[in-house]
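There are 2 protein chains.
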Amino acid sequence: MCVIKIEMTLSEENYLKSIFHLEKKYVRGVSTNALAEEMETKASSVTDMIKKLSEKNLVNYKKYQGVKLSEKGNSIAVQIIRKHRLWEYFLVEKLDFNWDEVHDIAEQLEHIKSDELISKLDKFLEYPKRDPHGDPIPDAEGNFANLEKKILAEFNEGDQGICVGVKDSSAAFLQYLDRNKIKLGKSITILEKEQFDGSMILKMNNKELTISKVAANNIYLKPVALD
Amino acid sequence: MCVIKIEMTLSEENYLKSIFHLEKKYVRGVSTNALAEEMETKASSVTDMIKKLSEKNLVNYKKYQGVKLSEKGNSIAVQIIRKHRLWEYFLVEKLDFNWDEVHDIAEQLEHIKSDELISKLDKFLEYPKRDPHGDPIPDAEGNFANLEKKILAEFNEGDQGICVGVKDSSAAFLQYLDRNKIKLGKSITILEKEQFDGSMILKMNNKELTISKVAANNIYLKPVALD
DNA sequence: TATTATTTTTAGACAAATCTAAAAATTTGT
DNA sequence: ACAAATTTTTAGATTTGTCTAAAAATAATA
């Protein structure tokens with residue numbers, strides 16, 4: 001097991017995390033501009049930082065060809081995400097924050113440096129598998145437990161599922177879900193799917209609820225097999 | 001109530017905290033050199049930073065005359081200390097850290113910016129009054145509850161007290177206390193005080209224990225009135 | 001395939017926090 | 001009280017992460 005500790009600045013950690021998230025969209029390399037937008041900075045700053053990360057062998061980079069995380073970079077990014085999600089779980093489950101309030105605080109807490117802290121926090125929280133938004137919390141080795149889930153908008157009339165996550169974790173969307181009593185764990189049945197605009201009429205809590213396609217595109221359900 | 005939020009860098013916060021602690025020793029103004037030593041930096045760097053803090057009206061400073069915290073600077077320092085001590089309490093009481101392991105982690109956690117976080121943490125911990133080393137945790141308004149306490153070395157033969165704090169919180173000293181089973185809350189009776197070197201023979205846990213003057217100078221007892 | 005348009009990189013500058021070396025002010029000792 | 005020692009400040013340089021503006025490379029389009 002390789003336990004070489006690398007000195008990482010806050011900014012470097014944030015870049016690795018952003019690259020990690022963008023790699024899902026940009027499989028063949030994350031572009032400078034995409035990263036600049038994600039980091040809310042300028043492309044020139046991104047180029048500079050990428051060179052630095054490349055010299056540390058945390059990313060693979062060739063001029064004009066975007067970046068990918070190296071194995072080392074990936075595992076550091078995963079550990080940051082682990083910390084972020086564990087802290088989010090702590091904030092909601094122990095400190096009684098709402099799920100729309102925890103992102104910015106976890107964004108700070110994720111940079112606290114202490115392996116012992118995270119391992120003890122994990123134990124204290126009894127090894128949670130998902131954060132308050134349904135995203136998987138990787139274990140100490142960096143393994144994600146992956147739960148079967150599908151975007152609600154892809155379900156058809158008559159289908160049923162359990163709400164297990166959200167794609168958009170913005171406060172605005174989470175508050176919209178709160179107002180409509182949509183929570184993780186809720187059972188949802190698709191009653192109607194409007195061809196015209198993709199909106200859906202759902203049954204949840206024994207009530208009917210109409211949601212737009214935009215909303216349906218940001219909710220994950222675990223399909224329930226019907227007999 | 002003045003609720004103006006001031007943007008503070010990590011370094012600025014650490015300077016305020018150090019000045020706060022040094023003000024106990026240097027009542028008539030903290031010298032540049034003392035601060036440089038505390039901050040493990042050079043006097044020239046201290047001068048630069050002090051000018052910056054002075055422009056923000058967080059310290060009162062006149063060339064060659066040391067610094068004192070302004071009212072605003074003091075209240076910021078107290079809030080940082082509040083955060084530090086609450087986090088230390090959390091680490092020991094909830095995450096099961098030993099009292100000699102928490103300082104460096106709390107040193108990082110104290111800079112997390114969120115009033116809501118601290119108020120909810122305080123509630124979760126049920127408003128603790130003392131950190132794991134016996135130091136008082138100021139409340140949200142910055143008030144310290146002060147407990148009667150005296151340095152063990154100043155007690156005399158026959159005196160009795162309850163261990164309520166330590167002056168030196170270094171890991172080395174705390175581990176020494178652990179090895180000798182000295183904990184906060186323990187009842188201690190002074191059996192003998194050696195004139196020659198100031199060492200003391202104590203009775204604790206119904207056993208006798210000899211400690212040096214150096215150790216006795218770093219333990220606080222709350223005196224117990226004897227009848 | 002030229003010619004635009006876009007993306008990315010380079011070059012040079014800036015602010016924050018630090019450093020070294022030297023100058024200025026203060027304190028100490030005789 | 002004045003020279004020596006100490007402390008403190010200034011001046012100028014460095015590093016990190018950022019910026020703007022311009023140049024270079026790539027992609028898109030007619």
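From first to last, the protein sequence lines are chains A and B. Okay, so the first sequence: first residue is 1 according to full-length UniProt numbering, each after it adds one. Okay, so the second sequence: first residue is 1 according to full-length UniProt numbering, each after it adds one. Even for Gly, the Cβ is constructed at its ideal location relative to N, Cα and C.
Residues near residue i in its chain [Cβ-Cβ closer than 6 Å; skip 5 each side]
| i | result |
| --- | --- |
| M39 of chain B | S18 |
| V78 of chain B | P138 and G142 |
| Y15 of chain A | M49 |
| E194 of chain A | none |
| I80 of chain B | E13, K17 and E110 |
| G158 of chain A | none |
| A145 of chain B | K129 and P136 |
Short CB-CB distance (under 9 Å) between residue i and chain B
| i | result |
| --- | --- |
| S18 of chain A | no |
| D96 of chain A | yes |
Same chain, Cβ closer than 7 Å to residue i, five either side skipped, listed in chain order
| i | result |
| --- | --- |
| I211 of chain A | S199, M200 and L202 |
| V102 of chain B | E88, L91, V92 and P132 |
| K213 of chain A | A153, D197, G198 and S199 |
Local Cβ density within 10 Å of residue i, reported as buried at 16 or more and exposed below that
| i | result |
| --- | --- |
| H84 of chain B | buried |
| G66 of chain B | buried |
| T32 of chain A | buried |
| L22 of chain B | buried |
| A172 of chain B | exposed |
| A106 of chain B | buried |
| N218 of chain A | buried |
| L10 of chain A | exposed |
| D104 of chain A | exposed |
| Q46 of chain A | One point to set straight first is that residue 46 of chain A is Val, not Gln, in the sequence displayed. Under this definition V46 of chain A is a buried residue. |
| V30 of chain B | buried |
| S169 of chain B | buried |
| D122 of chain A | buried |
| F196 of chain B | exposed |
| Y127 of chain B | exposed |
| A140 of chain A | exposed |
Contact set for residue i: own chain, Cβ-Cβ below 8 Å, skip 5 residues either direction
| i | result |
| --- | --- |
| I112 of chain B | K83 |
| Q160 of chain B | S187, I188, T189, I190, P223, V224 and L226 |
| Y220 of chain B | G134, K149, K150, I151, L152, C163, V164, G165, V166 and K167 |
| N180 of chain A | L209 and I211 |
| K72 of chain A | I6, N57 and L58 |
| N205 of chain A | K181 and K186 |
| S54 of chain B | N60, Y61 and V67 |
| Q175 of chain A | D100 |
Limits of the unbroken beta strand (DSSP E) element including residue i
| i | result |
| --- | --- |
| V164 of chain B | Q160 to V166 |
| T32 of chain A | Segment T32 to M39 is the alpha helix (DSSP H) holding T32 of chain A; no beta strand (DSSP E) there. |
| N217 of chain A | Note, N217 of chain A: premise wrong, no beta strand (DSSP E); not H, not E. |
| residue 261 of chain B | As shown, chain B starts at 1 and ends at 227. That puts residue 261 of chain B outside it, with no answer to give. |
| L202 of chain A | M200 to M204 |
| N60 of chain A | V59 to Y61 |
Host alpha helix (DSSP H) of residue i (start-end)
| i | result |
| --- | --- |
| T210 of chain B | Note, T210 of chain B: premise wrong, no alpha helix (DSSP H); beta strand (DSSP E) at K207 to I211. |
| I80 of chain B | E71 to E93 |
| I19 of chain B | L10 to L22 |
| Y176 of chain A | A171 to R179 |
| V46 of chain A | A43 to E55 |
| E126 of chain B | It is not in any alpha helix (DSSP H) - E126 of chain B carries neither H nor E in the DSSP assignment. |
| D104 of chain A | H103 to L109 |
Residue i CB to nearest heavy atom of the ligand NAP below 8 Å
| i | result |
| --- | --- |
| V164 of chain A | Within the structure as shown, the ligand NAP is missing, as the structure has no ligands at all. |
- Name, going along the chain, the residues of the segment 102–131 of chain A whose beta-carbon falls closer than 9 Å to a beta-carbon of chain B. D104, I105, Q108, L109, H111, I112, K113, S114, E116, L117, K120, L121, K123 and F124
- Task: Mind checking the segment 74–94 of chain B against chain A and listing, in chain order, the residues whose C-beta falls within less than 8 Å of any C-beta there?
- Result: L91 and K94
- Message: Tell me which residues of the segment 135–159 of chain B have at least one Cβ-Cβ distance to chain A shorter than 9 Å, keeping chain order.
- Response: none
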